[in-house]
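J.:
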Amino acid sequence: MTTNHGEMREMYPHVGEPYRYRTDAAEGSLTFQIDGGVAEGSHTAITLDIESHESGEGVCRDVSGRTHHFAWAWVGPELHLWLDGALHVFQRAESRRRGRAAGAESSEDVLAPMPGAVLEVLVAEGDRVERNQTVVLMESMKMELVITASRSGVVHRVAVEAGQQVDRGMRLLELAPEGDGGD
Amino acid sequence: MTTNHGEMREMYPHVGEPYRYRTDAAEGSLTFQIDGGVAEGSHTAITLDIESHESGEGVCRDVSGRTHHFAWAWVGPELHLWLDGALHVFQRAESRRRGRAAGAESSEDVLAPMPGAVLEVLVAEGDRVERNQTVVLMESMKMELVITASRSGVVHRVAVEAGQQVDRGMRLLELAPEGDGGD
Amino acid sequence: MFAKVLVANRGEIAVRINQTLRTMGITPVAVYSEPDAGAPHVNTAEQSVALPGSTAEDTYLNIARLVQAARDSGADAIHPGYGFLSENPAFARACQDAGMSFIGPTPESMAALGDKLRSKDIAIAAGVPTVPSAPACQPGDRAAAEFAERWGFPLMVKAAAGGGGRGMRLVNRRQDLDGDMELASREAQAAFGDGRVFLERYIANPRHVEMQVLADAHGHTIHLGERECSVQRRHQKIIEETPSPALTPELRERMGDAAVALARQAGYVNAGTVEFLLDPRSGDFYFLEMNARLQVEHPVTEAVLGLDMVEWQLRIASGEPLTLRQDDIAPRGHAVECRIYAEDPYRDFVPSTGTLLSWRPSSGPGLRLDSGVVEGQQVSIYYDPMLAKLIAWASSRELSLRRMEVALSQFVALGVITNIPLLRAVMQHAQFRSGEYDTGFLEWNPAVTRPAISDETRTMARALAAWASEQQSVGMDSRFRGNDGKESVNPWQSAGQRRLP
Amino acid sequence: MFAKVLVANRGEIAVRINQTLRTMGITPVAVYSEPDAGAPHVNTAEQSVALPGSTAEDTYLNIARLVQAARDSGADAIHPGYGFLSENPAFARACQDAGMSFIGPTPESMAALGDKLRSKDIAIAAGVPTVPSAPACQPGDRAAAEFAERWGFPLMVKAAAGGGGRGMRLVNRRQDLDGDMELASREAQAAFGDGRVFLERYIANPRHVEMQVLADAHGHTIHLGERECSVQRRHQKIIEETPSPALTPELRERMGDAAVALARQAGYVNAGTVEFLLDPRSGDFYFLEMNARLQVEHPVTEAVLGLDMVEWQLRIASGEPLTLRQDDIAPRGHAVECRIYAEDPYRDFVPSTGTLLSWRPSSGPGLRLDSGVVEGQQVSIYYDPMLAKLIAWASSRELSLRRMEVALSQFVALGVITNIPLLRAVMQHAQFRSGEYDTGFLEWNPAVTRPAISDETRTMARALAAWASEQQSVGMDSRFRGNDGKESVNPWQSAGQRRLP
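Keeping their order, the protein sequence lines are chains L, H, C and B. Be aware that the first sequence starts at 0, since it is given in numbering that gives the first Met the number 0, and climbs by one per residue. Be aware that the second sequence starts at 0, since it is given in numbering that gives the first Met the number 0, and climbs by one per residue. Be aware that the third sequence starts at 0, since it is given in numbering that gives the first Met the number 0, and climbs by one per residue. Be aware that the fourth sequence starts at 0, since it is given in numbering that gives the first Met the number 0, and climbs by one per residue.
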């Protein structure tokens, strides 16, 4: 009997609190103890037979014999798990960026949510912006994207200009620090 | 302009002599000089645009614009190349087993041509066998396979018994050495 | 018949056209932008021409380059697919001027149908119902009052010269009519320099039902039945089916006759689609527009009729007569299509990009996949996020919806976020299954655009995520495409020991 | 209708049955041997039971274990697929004894049809032509001489108790008749303890044409037209098509009537296939055997008729009446199926094993894939080497053959050797295209079992091999499924700089 444990965090479709797991392998099956997550302090357990495949596909069976098809791939630090037709995204809890509170939405930066082209920057350095104010317009895949400020503050730096191509996660604007970054 | 060169050998569907190649990259295209192979001393050249993909697929275009779909994978030391629906297998010339003349079919051993089960061993140690004599019957994928001796000689050792599972390339019989191994 | 056809498009529709061209023994020529180098629409062609640049404007919308590519490659015809230049009369004319056939209608009928006012005139001339409207009138006019009297409220006020929503207002109550007409007129004056407004009946929650038409160059025009396209997000269809659950045989015949009359009136040749708004309560239908090209959702028609629309497009464009008679058109069973988009159904359909790390479509009886991508491909920002179309056919609507639902649940796609879970939720939805839905379906049922994951599934997903994460740690996720001279190991791994029964 | 059905099979047919079960809202239960853990027939089911062991005998042929698995999982019926236990009356009886429905005919009619002599008697009783034969006779008999007189040479001598080719001889000349009968009789005596022999007419180079039959439990039997299965290697079909190029409407009707009469005579219920040898010169046909199960090649019938054979099998087994009338059976277009085997077409069809490193089937209009494997899967030694079936439909035979040929040329399979190039060569072959072929096709055309690669293609392959080999050297073939926390790099690599037009 071998035991593993660790901590994961759901990112999609629900963003949840981290959960802890413990895995016990015995009798050809794996028993998972899942703690936390949906409601802090909750505890669930599930026992699965898992047959997997190096190309990233597998099948698992619960104790009732019900059989589920799954597949997985790493997208950067994200573990994308496909299960019976639905996507679930996870991260290892320890791989989240340090210095940033788990679940916090605030940031000093306004980032590009996806790759695309900048159509228009609606603010200038030194401007005061309100939370949810539209600051940049982008275009991606024939769609216009409205980028809003995640908090109120003063624009410290404009990092892009109209017409520029940006990658996902690229900084568009930097807001001046304000207190401890809480919202 | 960068130049590469090397030596390859066709294994399937035709087993051919090794050929040498030289690749010159220029103007967005690759020009291949192919020497030897079909007829020793022959020389052909072809210029291709190649777009490839890390998942092992690609498309190439010759100077007339004709476009071909290809894919490749390494199966052990063999390069399996799929081109417009047909399989071609190659090896790097240097990766062939040393001490064995290129193209020679003779060997001291009778090997399993594919995985399967041994049905019957028709010879015993010390038996004299003729070239192409049936020495072992195997079963694989509901088919009976007839294994013949690749040369005349005396059975030095029987390495398997009836009912045994064997992998591809596993030795079934060993023939006693006879002269320099030529056929 | 043509010997070589340039396909001025990309993605699934270019692949699909390549397939029929090759089936007919015609050489397809692909064009491709830089991000599309090596994409499936290139490797399914037999010849290809690079278009420098990445944006649609530089490549698939560049008339001069496309005509040049066709000329250089020796093509004798151009197929525009849908989107891009498919309804651009200047492109059709440029092809003809270069001595090549354009696979579609004449530039003249394309231009007429592309203009909203002209196409409405054509419909009226053909006796096809359009949305009732009162001619240009002033606030307080007797004509306005009479129109309001006749049709009731709500009503639309629209700018005669209008477009883009400017000068347009929904009038809910009689007492607002004059005021709203004033406002609309001022807006129209400001926007277009033309303050004329008119009243139009407001069709609440219509169904979107369209009729497929085929017309040859010898005056023979038929319709191929309808497609129901009412499930839409942001006014874009995502699910289509045929037959429509809303049509009686009598209504089908009337709509089909209307579509044929309109195509004849427009002098239409080749495949086209007449779109209607259908009021499911009254059974009245109104001409919306005619799409002068192959439609995205044409495969559902192919599935129930057993024909190849692109084959007919090519035959007609090469001058062959349409040998099908209206009586030959006998649909068999039911077909549904789902458009698979790289977009997040739970975050306002925002497009998703990335590398398709897994792309393993379901297959089997009654299923067809028209795909523009392969595993390992980059989904870029440059073009429409539609990856593929899945089509399910079965002997009844109930079975084809369930076949689709099963196929969606088996469709492995990883690396980009797709709308597959939304499509599946619609297939399972009681209202959709009942057939009683309209273009407001997603609006009235916001629950389908929210994730619905049972606690049991969530626990299983968490367990599997933990497991997969551990697999990586112990190096079991190593590349199986070995090049180390050793035989591949058995790729099946078992968790723990083998179970005994 | 059933709630839960155990599928006592593996590979593509188990996957295909799962698909229809789920479409009909019935829970499929898979069984699997150890090498099949995680195979597609398991992950397309909703429930599964492990069968310990690897060999067919221990697993898919183990009646007791299969019945136990069905009982344990709560299944109310068992579908046997084809092969394995599908024509084993003891299995059908064991299912019934355990209180479960067997989806197929009764054990009694299965047993009768499984016996060559009894099935020939049934055919004769039904008035169905069988191969002419002289009753058991001695060398020098008048009966033997008269039979030889009537039918000419060559003739077959067969052992009355025979089987497996023993006691069987082809007699080419009159002067050999007595001697060959002596020899055959002695062989038969030695082999079976029964020296009786009889003469049978030798049908040289027949076509293999079969009729699909459906019969319900209420006495209603129809046929669904024919399938032409004459392209065979080692007496196993590899390509099937419908309609047969050899059948006139009149011949089709006669063969269909014969098949229905035979099924009725046998008290047959459910889907079955009556196989005939057709003498293409005379138009005479002879009963060969009846397959009391679903046939591998059933999808071509589904493609032209627009129905689901497994759906009908389930309806009939659950007692529903067959609502199709003979007049409803109206084929549309033409369909062809190719069986994709892991075998080397150039080395006497020797099976090939290994890991499927690439498996990227073609898809699109008119194509259907029934596959039992996925990329990354191990193709093992344990079972039949058929990987998948590809089915192409089009409006004409010419187009469906070409559609198939194109699809085969686009079907990427790497890691095991497949017969795809052979299938493609047949699709391109003038004699096959003409429709004038028989069961000797591969024998008469050995060139299609030899590689035919043009010098140009060979040079291109060598160049690409050199290129791919260099790619590996410089590390460009690195795994793109990254786990290093960095975004994947753009997976498209360009050789050299970008071309300008």
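For each residue, glycine too, the CB sits at the ideal point set by N, CA and C. Note that the coordinates shown come from a computational prediction; the quantities given were computed from them, not determined experimentally.
Quick one: what's residue 207 of chain B bridged to in DSSP?
T.: Per DSSP, B/276.
J.: Mind the definition here: the segment 22–42 of chain B touches the segment 54–73 of chain L only if three or more C-beta pairs lie below 8 Å; say whether that holds.
T.: With a cut-off of 8 Å, the segment 54–73 of chain L and the segment 22–42 of chain B count as touching, because enough Cβ pairs lie within range.
J.: For residue 435 of chain B, count the other beta carbons within 10 Å of its own beta carbon; 16 or more makes it buried, fewer makes it exposed. Which is it?
T.: Under this definition residue 435 of chain B is an exposed residue.
J.: Helix, strand or coil for residue 233 of chain B? Go by DSSP, reduced to three states.
T.: Residue 233 of chain B falls in the coil class under three-state DSSP.
J.: What does residue 395 of chain B reach in chain C if we use C-beta pairs closer than 8 Å?
T.: Per Cβ cutoff of 8 Å: no residues; residue 395 of chain B is ~10 Å from chain C at best.
J.: Cα-Cα, which of C/292, C/287, C/278, C/78 is closest to residue 270 of chain C?
T.: Minimum Cα distance to residue 270 of chain C is reached at C/292.
J.: Please report the straight-line C-alpha distance between residue 33 of chain C and residue 227 of chain B, rounded to a whole angstrom.
T.: Answer to the nearest angstrom: the Cα atoms are 47 Å apart.
J.: Alpha carbon to alpha carbon, how far is residue 14 of chain H from residue 362 of chain C? Give it in angstroms, no decimals.
T.: Residue 362 of chain C and residue 14 of chain H: Cα-Cα distance of roughly 37 Å.
J.: Between the segment 148–161 of chain H and the segment 127–140 of chain H, do at least 3 Cβ pairs fall closer than 8 Å?
T.: A contact exists between the segment 148–161 of chain H and the segment 127–140 of chain H.
J.: Leaving out five residues on either side along the sequence, give the residues of the same chain with a beta carbon under 7 Å from the beta carbon of residue 393 of chain B.
T.: For residue 393 of chain B, where only same-chain residues beyond five positions count, the Cβ hits under 7 Å are 332, 333, 365, 399, 402.
J.: Under 8 Å: do the segment 231–249 of chain B and the segment 192–201 of chain B share three or more Cβ pairs, one atom per stretch?
T.: Judged by Cβ distances under 8 Å, the segment 231–249 of chain B makes no contact with the segment 192–201 of chain B, as fewer than three pairs qualify.
J.: Specify, as a first and last residue, the run of the beta strand (DSSP E) that residue 17 of chain L falls within.
T.: Where residue 17 of chain L is concerned, the enclosing beta strand (DSSP E) stretches over 17–25.
J.: Can you tell me where the alpha helix (DSSP H) holding residue 124 of chain L begins and where it ends?
T.: That residue, residue 124 of chain L, is in no alpha helix (DSSP H); it is neither H nor E in DSSP.
J.: Under 8 Å by Cβ, that's how I've got residue 583 of chain C and residue 336 of chain C pegged, so tell me the actual separation to the nearest angstrom.
T.: Outside the shown range of chain C, which is 0 to 500, sits residue 583 of chain C, and nothing can be said about it.
J.: Here's the rule I'm using: 16 or more other beta-carbon atoms within 10 Å means buried, otherwise exposed. How should residue 98 of chain H be labelled?
T.: Below a pLDDT of 50, predicted positions are generally treated as unreliable, and residue 98 of chain H, at 34, falls in that range; no measurement from the model is reported.
J.: Under DSSP, the alpha helix (DSSP H) around residue 72 of chain B begins and ends at which residues?
T.: Residue 72 of chain B -> alpha helix (DSSP H) spans 62–72.
J.: Does the CB of residue 18 of chain C have a neighbour CB from chain B at under 8 Å?
T.: True, the Cβ-Cβ gap to chain B drops below 8 Å.
J.: Can you check whether the C-beta of residue 450 of chain C is within less than 8 Å of a C-beta belonging to chain L?
T.: Answer yes: the Cβ-Cβ gap between residue 450 of chain C and chain L drops below 8 Å somewhere.
J.: So with CB distances below 7 Å, who are the chain C contacts of residue 58 of chain H?
T.: Those are 37, 41, 42, listed as they occur along chain C.
J.: Opposite residue 34 of chain L in the DSSP bridges: which residues?
T.: Answer by DSSP bridge pairing, in chain order: L/19, L/42.
J.: Please check if any C-beta of chain H sits within less than 8 Å of the C-beta of residue 214 of chain B.
T.: Residue 214 of chain B does not count as touching chain H.
J.: Since residue 129 of chain B is in the alpha helix (DSSP H), which residue starts that stretch and which ends it?
T.: Run containing residue 129 of chain B: none; DSSP gives neither H nor E here.
J.: If we cut at 8 Å on Cβ distances, does residue 350 of chain C have a partner in chain B?
T.: Not one chain B Cβ lies under 8 Å of residue 350 of chain C.
J.: On the DSSP bridge assignment, give the partners of residue 108 of chain H in chain order.
T.: Paired residue(s): H/173.
J.: Let's see if you can read the secondary structure: which residues bound the alpha helix (DSSP H) around residue 54 of chain C?
T.: Segment: none, residue 54 of chain C is in no alpha helix (DSSP H) and carries neither H nor E.
J.: What did DSSP end up calling residue 5 of chain H once you bin it into helix, strand or coil?
T.: In the structure shown, residue 5 of chain H sits in a strand (DSSP, three-state: E or B).
J.: Return the bridge partner residues of residue 379 of chain C from the DSSP annotation.
T.: None; residue 379 of chain C has no bridge partner.
J.: Select from the segment 402–421 of chain B all residues with a C-beta closer than 8 Å to any C-beta belonging to chain H, and list them in chain order.
T.: Answer set for the segment 402–421 of chain B: 407, 408, 409, 410, 411, 412, 413, 414, 416, 417, 419, 420.
J.: Along chain B, which residues have their Cβ under 7 Å away from the Cβ of residue 115 of chain H?
T.: Per Cβ cutoff of 7 Å: 380.
J.: Is residue 64 of chain L close to chain C, meaning its C-beta is less than 8 Å from at least one C-beta of that chain?
T.: Output row for residue 64 of chain L: interface = no.
J.: Decide if residue 89 of chain B is buried, meaning its Cβ has at least 16 other Cβ atoms within 10 Å, or exposed.
T.: With fewer than 16 other Cβ atoms within 10 Å, it is exposed.
J.: Go to residue 74 of chain L, then tell me how far its beta strand (DSSP E) extends in each direction, as first and last residue.
T.: Run containing residue 74 of chain L: 66–74, per the beta strand (DSSP E) assignment.
J.: Under 8 Å, do residue 349 of chain B and residue 16 of chain B count as touching if we go by C-beta distance?
T.: No, these two residues do not count as a Cβ contact at 8 Å.
J.: For the alpha helix (DSSP H) holding residue 397 of chain B, just list the boundary residues, first then last.
T.: Here the alpha helix (DSSP H) through residue 397 of chain B covers 396–408.
J.: Grouping DSSP H, G and I as helix and E and B as strand, with all else coil, what is residue 239 of chain C?
T.: It is a strand residue.
J.: How about the segment 200–207 of chain B and the segment 314–329 of chain B: do they share at least three Cβ pairs that are nearer than 8 Å?
T.: Segments in contact, no.
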